[in-house]
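Novice: Take the sequence shown: its position 20, counted from the start at 1, is 147 in my numbering, and no numbers get skipped.
Every residue gets a Cβ at the ideal spot worked out from N, C-alpha and C, and that includes glycine.
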Amino acid sequence: MKLYNNPRDKRVFVPKDGGGVSLNFGHPVAWWIFLCMTVIPLVVVAVVTIAVLA
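1. In its own chain, which residues sit with a C-beta less than 7 Å from the C-beta of L130, not counting the 5 before and 5 after it?
2. Spatial neighbours of N133 within its chain, please: CB distance less than 7 Å, with the 5 preceding and 5 following residues excluded, ordered by chain position.
3. Just verifying my parser: in three-state terms, what is the DSSP assignment at L169?
4. Kindly list the residues whose CB is nearer than 8 Å to the CB of F182, restricted to its own chain and excluding five residues on each side of it in sequence; keep chain order.
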């Protein structure tokens with residue numbers, strides 16, 4: 128999967144050819160969206176799962 132990375136493009140969400148949108152990882156806000164919507168929830172689920180099983 129190729130990520131869209133164009134720092135000169137000021138859009139955070141960029142339309143894809145087949146429909147839908149993609150994040151522009153050249154924009155700093157895209158990284159915050161990625162962290163808040165993917166990485167942090169995965170860490171929370173992992174910590175809670177380990178706490179329940181321990």
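Specialist: In short:
1. F152
2. N151, G153
3. helix
4. Lying outside 128 to 181, the shown extent of the chain, residue 182 is not represented and no answer is given.
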